[in-house]
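A.B. asks: Submitted below is the structure of interest, expressed as structure tokens.
Residue numbers (this note's numbering): 39 to 634.
Right under this line is the structure:
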């Protein structure tokens, strides 16, 4: 078991040492390539999957945007406020447990190999002293990066594009429709999505531990346990969807937009329950390094979503109802595809339903709270932008404009979520293996790679600043406002290329509690008040609110960068070793089938 696990992801890094000190350009180039490969091994499938999922929402927004401004505003508010609220809590545990899983994976040879194919090394990277050495190590790391990041990025982009394409379709229904869908997706669905993903990510710790220990039969039990927790959470969150209209009106949203957003949120209630099944299955498959199946499932659903959204919204003439139907159907199709793959191709890990799933549920819930707080503070920060914009004088137009910018920004973020996943795995794995130099070098390679992508995204936005809004809406007012905000959006693209990576480093190092305080201060003490000041007092509208968001994000990025620069990586490696001693025996089975 140890040998196959030991080479589960990366073929290239067969060393047992940490990387050597880099002293020449050649050495830097080599090490950079190695680290880049490691990065994309993790980030690639994750990005692809996330993009497919997010595209479901984007396509809906695009279609609804052409129904009318009211419909677009309603969808925007419903998506950002209602869905966005739940989104944050459900994602966050994933990050915390990725660190834990990777740290535990270094406890033995088999655990050490659970993440990176061929990275069978227990000796740190040598000190890089030449350019040739740097080139070699960079190439090795670059390959490791993309083995993980490539599928992760593709999956993330596909998932995110589901929402973005929905926003595009809705935007052609009208500005009010677009605003409604945007608010429904970002506020209502976003709330639920965050909560559910944060809660469900506890599965990543448990499945990773069981997989590394060779107890594959327990993965199915943990999956069922997570389903129980998340379905219960979805039931608790139902009132947010049912009473979305009065909630949004209570938050000061425009009455017409709030009515449409409330209807759209209620129509997408089945999507909430799809989250409760989808997120645990994602973690179940990720723990076994089955990233490509998720990526292809997300891509297939994304293609179906585009075609059928066009049919339901325009050809059948269902408008907003058609957009909601396809969001529900698309997310449930992802669930069906993942479950069929698990049932037919994960027979070692899935042994059927078991009563063991009902044991130790409270311990499972507790596992998610710290990381959930960290991520929810970040996701709800973006949700607050939609809420603040809804109080402006020309709320419908302002919400439409900022929702388009947020959709494009979200697409880019989906790419860097893959990098976030990759660097979190790389750092935690290398620290757990006692390779502090390799961990530090992987940070450098991922930051440089993601920054390059961010600059490219900024160039695209600035080059197409008067064109991309046409995809989302027919309103000249909205198009002009988005064009005016293009420069700010470009700056955001660069910041978002670095910030998620640094957050991933923090997660890999186990600094979740610290980052939660950083997020609280930067976002809610600096960003939100400054956005309110610029948007209302200085009468800059959505543009001023976006400026406040940029300032909060820039401060957070700077603080994370300083934390990373001044990190004692040798000390972090020692702390990772101590963690392994504490958690080392927690998966041994008892005679009655429960776990210690």
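Virtual Cβ for every residue (Gly too), placed ideally from N, Cα, C. Owing to the predicted nature of the structure, the values given are computational and were not obtained by experimental measurement.
Apart from the five residues just before and just after residue 259, which ones in its own chain have a Cβ nearer than 6 Å to its Cβ?
C.D. replies: Excluding positions up to five away in sequence, the list reads 392, 394 and 395.
A.B. asks: Find out if the Cβ-Cβ distance for the pair residue 435, residue 213 is shorter than 9 Å.
C.D. replies: Going by C-beta atoms, residue 435 is nearer than 9 Å to residue 213.
A.B. asks: Does DSSP put residue 602 in a helix, in a strand, or in coil?
C.D. replies: Here residue 602 sits in helix by DSSP.
A.B. asks: Contact check, residue 610 vs residue 469 under 8 Å by CB: the rounded distance?
C.D. replies: That pair is a contact at about 5 Å.
A.B. asks: Cα separation between residue 599 and residue 540?
C.D. replies: For residue 599 and residue 540, the distance between alpha carbons rounds to 7 Å.
A.B. asks: Let me know if residue 337 comes out buried or exposed under the rule of 16 or more other beta-carbons within 10 Å of its beta-carbon.
C.D. replies: Classification for residue 337: buried.
A.B. asks: Is the CB-CB distance between residue 203 and residue 219 below 9 Å?
C.D. replies: For residue 203 and residue 219, no; Cβs fall outside 9 Å.
A.B. asks: Sort out for me which residues DSSP pairs residue 432 with in a bridge.
C.D. replies: Beta-bridge pairing links residue 432 to no other residue.
A.B. asks: Please say whether residue 384 and residue 322 have beta carbons closer to each other than 9 Å?
C.D. replies: Yes. Within cutoff.
A.B. asks: What alpha helix (DSSP H) runs, 4 residues minimum, are completely inside the region 244-300?
C.D. replies: Correct list: 255-280 and 282-288.
A.B. asks: Per the DSSP calculation, residue 717 is bridged to which residue(s)?
C.D. replies: Since the first residue of the chain shown is 39 and the last is 634, residue 717 is not available in this structure.
A.B. asks: By Cβ distance below 7 Å, which residues in the same chain neighbour residue 635 in space, the five residues on each side in sequence not counted?
C.D. replies: Because residue 635 is not part of the residues shown, which for the chain are 39 to 634, the question remains open.
A.B. asks: Checking the sheet assignment: what are the DSSP bridge partners for residue 178?
C.D. replies: Paired residues: 72.
A.B. asks: Measuring alpha carbon to alpha carbon, tell me which residue in 62, 312 and 166 is nearest residue 479.
C.D. replies: Residue 479 has its Cα closest to that of 166, out of 62, 312 and 166.
A.B. asks: Nearest-angstrom Cα distance between residue 341 and residue 606?
C.D. replies: Going from the Cα of residue 341 to the Cα of residue 606 covers about 46 Å.
A.B. asks: Using only the alpha-carbon positions, how far apart do residue 472 and residue 465 sit?
C.D. replies: Computed Cα separation, rounded: 11 Å.
A.B. asks: In whole angstroms, what is the alpha-carbon distance linking residue 537 and residue 594?
C.D. replies: Approximately 8 Å between the Cα atoms of the pair.
A.B. asks: What span of residues does the alpha helix (DSSP H) with residue 523 cover, start to end?
C.D. replies: Taken as a continuous stretch (DSSP letters only), residue 523 belongs to no alpha helix (DSSP H), as it is neither H nor E.
A.B. asks: With DSSP as the reference, identify every bridge partner of residue 612, one or two as the case may be.
C.D. replies: Bridge partners of residue 612: none, in fact.
A.B. asks: From residue 173 to residue 553, what distance separates their C-alpha atoms?
C.D. replies: The alpha-carbon atoms of residue 173 and residue 553 are separated by roughly 32 Å.
A.B. asks: Are the Cβ atoms of residue 313 and residue 234 separated by less than 9 Å?
C.D. replies: A contact, by the Cβ cut-off of 9 Å.
A.B. asks: By DSSP's criteria, residue 595 is part of a beta bridge. Which residues make up the other side?
C.D. replies: Answer is none; residue 595 lacks a bridge partner.
A.B. asks: Suppose contacts are defined by Cβ-Cβ distances below 9 Å. Is residue 500 in contact with residue 525 by that definition?
C.D. replies: Result yes, Cβ atoms of residue 500 and residue 525 sit closer than 9 Å.
A.B. asks: Put residue 312 into one of helix, strand or coil per three-state DSSP.
C.D. replies: Note: residue 312 maps to helix in three-state DSSP.
A.B. asks: Over the uninterrupted alpha helix (DSSP H) stretch that includes residue 501, give me the two end residues.
C.D. replies: From DSSP, the alpha helix (DSSP H) with residue 501 extends over 474-501.
A.B. asks: Using alpha carbons as the reference points, say which of 265, 583 and 226 lies closest to residue 403.
C.D. replies: Taking only the C-alpha atoms, the option nearest residue 403 is 265.
A.B. asks: Under 9 Å, do residue 170 and residue 324 count as touching if we go by C-beta distance?
C.D. replies: No.
A.B. asks: DSSP three-state label for residue 576, please.
C.D. replies: Note: residue 576 maps to coil in three-state DSSP.
A.B. asks: Do you know how far the Cα of residue 193 is from the Cα of residue 369?
C.D. replies: Rounded to whole angstroms, residue 369 to residue 193 spans 13 Å at the Cα level.
A.B. asks: Considering only C-alpha positions, which residue in the set 189, 530, 70 and 310 is nearest to residue 168?
C.D. replies: Comparing Cα positions, the closest option is 70.
A.B. asks: Can you check which of these residues, 283, 231 and 305, is closest to residue 272 by C-alpha distance?
C.D. replies: Checked all of 283, 231 and 305; the closest Cα to residue 272 is 231.
A.B. asks: In this structure, does DSSP put residue 334 in helix, strand or coil?
C.D. replies: In this structure, residue 334 counts as helix in the three-state DSSP scheme.
A.B. asks: Round the Cβ separation of residue 423 and residue 583 to the nearest angstrom and send it over; I've been treating them as touching at under 8 Å.
C.D. replies: Correct: roughly 6 Å between the Cβ atoms.
A.B. asks: Classify residue 387 as helix, strand or coil using the three-state DSSP reduction.
C.D. replies: Note: residue 387 maps to coil in three-state DSSP.
A.B. asks: Going straight from the alpha carbon of residue 295 to that of residue 331, what length do you get?
C.D. replies: One C-alpha to the other measures close to 39 Å.
A.B. asks: Just to check my reading of the structure: residue 588 and residue 529 have Cβ atoms closer than 8 Å, yes? What is that Cβ distance to the nearest angstrom?
C.D. replies: The Cβ separation is near 6 Å, so the contact holds.
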